[in-house]
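One structure below.
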Amino acid sequence: IAKDLYGEEKVKVVDMAKLPTFQEEAHLAMNTAVFFANHGGGSSTSIFLPWGSSVFLYAAGAHAKYKDGPWIDIGKKVHLDSIFYATSSYIRPTWIHENERDDVVRIAKMLQSEYKRTMESWIERGIHTNDG
């Protein structure tokens, strides 16, 4: 979806598990506006995203909202990813659940919206972008 919207020069598809060092993962994240990752250990690289970036998290399994609290895996203890992302004021998390993954049109619209918001926040803060 992203490559169709923004082109090869702006979009990198990377299997982070295949990078030789965590340092390379962190460096990629530090230059990322919108990051897609599976929740859990795969999303840990998102801690290196720049201020104002967005992260899309693919959630696995059944999830429920615990009253007014964080997302939890049903039958398990509190999902630590949800606590981290709920309190990370420097990035914007978006959860994509299993039943939402095939809605390509919705995901494309969310991607466009989040990319625009990120570029606006970076420009407002004086962070260099390649968008103008």
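Just so you know, we're using this note's numbering here: the sequence shown kicks off at 203 and counts up by one.
Virtual Cβ for every residue (Gly too), placed ideally from N, Cα, C.
Beta-carbon proximity check, residue i vs residue j, cutoff 8 angstroms
i, j, result
"Ile298", "Phe258", "yes"
"Asn240", "Tyr260", "yes"
"Arg294", "Ser256", "yes"
"Pro252", "Ile325", "no"
Integer Cβ distance of residue i from residue j, believed to fall under 8 angstroms
i, j, result
"Leu230", "Val216", "6 angstroms"
"Leu313", "Ala235", "Contact flag wrong, Cβ pair sits at about 10 angstroms."
"Glu341", "Thr296", "The question about residue 341 has no answer, for the chain in this structure spans 203 to 334."
"Arg327", "Gly254", "7 angstroms"
Residue i - DSSP class collapsed to helix/strand/coil
i, result
"Ser290", "coil"
"Trp324", "helix"
"Asn301", "helix"
"Val306", "helix"
"Ala228", "helix"
"Tyr239", "It is Ala, not Tyr, that sits at residue 239 in the sequence shown. Note: Ala239 maps to strand in three-state DSSP."
"Leu313", "helix"
Status (buried if at least 16 other CB within 10 Å, exposed otherwise) for residue i
i, result
"Thr223", "exposed"
"Asp304", "exposed"
"Glu210", "exposed"
"Asp283", "buried"
Any non-hydrogen atom of the ligand HEM within 7 angstroms of residue i CB
i, result
"Ile329", "The ligand HEM is not among the ligands present in this structure, which contains no ligands whatsoever."
Touching by the beta-carbon criterion (3+ pairs, under 8 angstroms), the stretch 289-303 and the stretch 218-229
no
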